[in-house]
């Protein structure tokens, strides 16, 4: 395993980290949590010492599964994260006791006395970030003074310039950001600023929410001249950038762990501009693509918006609108007429991490 230094700390973390959002669905629902816990243990055996988890992941079982594995290892051998945001408190400002109960729940589930990296979670905009700062940054700071958390970090889907604004406050020791071969142009400046400020930079969604593996021909250029598969090459594209500390890989089986480890074998770190420059004119960099994060779930009209947006990606990737309907019909088995239920309430757009014009796209799909 290749290791990198986490920002200005003395921590050496694995170049790929374990994302615990994708434990096997059937095992989670069946209560086979011990089986799921085999994945982080196997990842550790392969040298992966950075585990990223959160409340609500995997039907709210991810922290529990992660804790089952963590308890079987020497605590200092693994760096573990968790997260908190206003949505966990019904969107309302929590009291100190509310925050502390939430943190203590995570600690109990993880079977640990402290969390290495505690995220102010899913900041979609500067307004969202400011709201969260006012709501509970002081609680973060108090928990750090008490040793319950070691580092205050944030997670974001903001654009580069907004990320720079947050970084420049000096309030955080690291960040978690969605970044991949599709959207690098839109987040690069924020990542560069964080690196210059001595922060750790962890990347989620390096496979574009599954977009890259599901379109291997489109992204074949990433693997040219290597013995890597397209998904492995996409991980390496991110991990090889000097400014990136950890690249998270969501793993539901041991083969996924093996893929992640293969991606960083004999890794050579280079400045991001050199890595990106190699592909600048070969691939696509479209922040307009839906990354499949599914934060837009929960449409009050019960429209399966993530599936409609994934189908719309076919048009963006191949320039052929007819592919949208074919994708809906043949892959998702959906009738485009379902889009007619949209009442333009805006709930989906307010949750979209890519700030996509979802309502407009639903109307386009309906008109096909």
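Residue numbers (full-length UniProt numbering): 1 to 368.
Every residue, glycine too, gets a C-beta built ideally from N, C-alpha and C.
In this structure, residue 163 keeps its C-beta atom at 7 Å or more from the C-beta atom of residue 198. Cα atoms of residue 132 and residue 91: separation of roughly 10 Å, rounded to the nearest angstrom. For residue 67, the number of other beta carbons within 10 angstroms of its own is at least 16, and it is reported as buried. Rounded to the nearest whole angstrom, the C-alpha separation of residue 311 and residue 327 is 5 Å.
In the three-state DSSP reduction, residue 182 falls in the coil class, being neither helix nor strand. A distance of 7 Å or more separates the beta carbons of residue 262 and residue 42. In this structure residue 104 is exposed. Its beta-carbon is surrounded by fewer than 16 other beta-carbon atoms within 10 angstroms. The straight-line gap separating the alpha-carbon atoms of residue 83 and residue 172 is approximately 14 Å. When secondary structure is reduced to three states using DSSP, residue 202 falls in the strand class.
For residue 99, the secondary structure class from DSSP, reduced to helix, strand or coil, is helix. In this structure, residue 305 keeps its C-beta atom at 7 Å or more from the C-beta atom of residue 315. Counting C-beta pairs with one atom in each stretch, the region 112 to 131 and the region 146 to 165 have three or more that are closer than 8 Å, which means they touch. Residue pairing of residue 52 in beta bridges, as defined by DSSP: 19, 81. In this structure residue 252 is buried. Its beta-carbon is surrounded by 16 or more other beta-carbon atoms within 10 angstroms. Sequence-distant Cβ neighbours of residue 288 in its own chain, meaning closer than 8 Å and more than five residues away, are 316, 354, 356. In the DSSP annotation of this structure, residue 9 is not part of any beta strand (DSSP E), being labelled neither H nor E.
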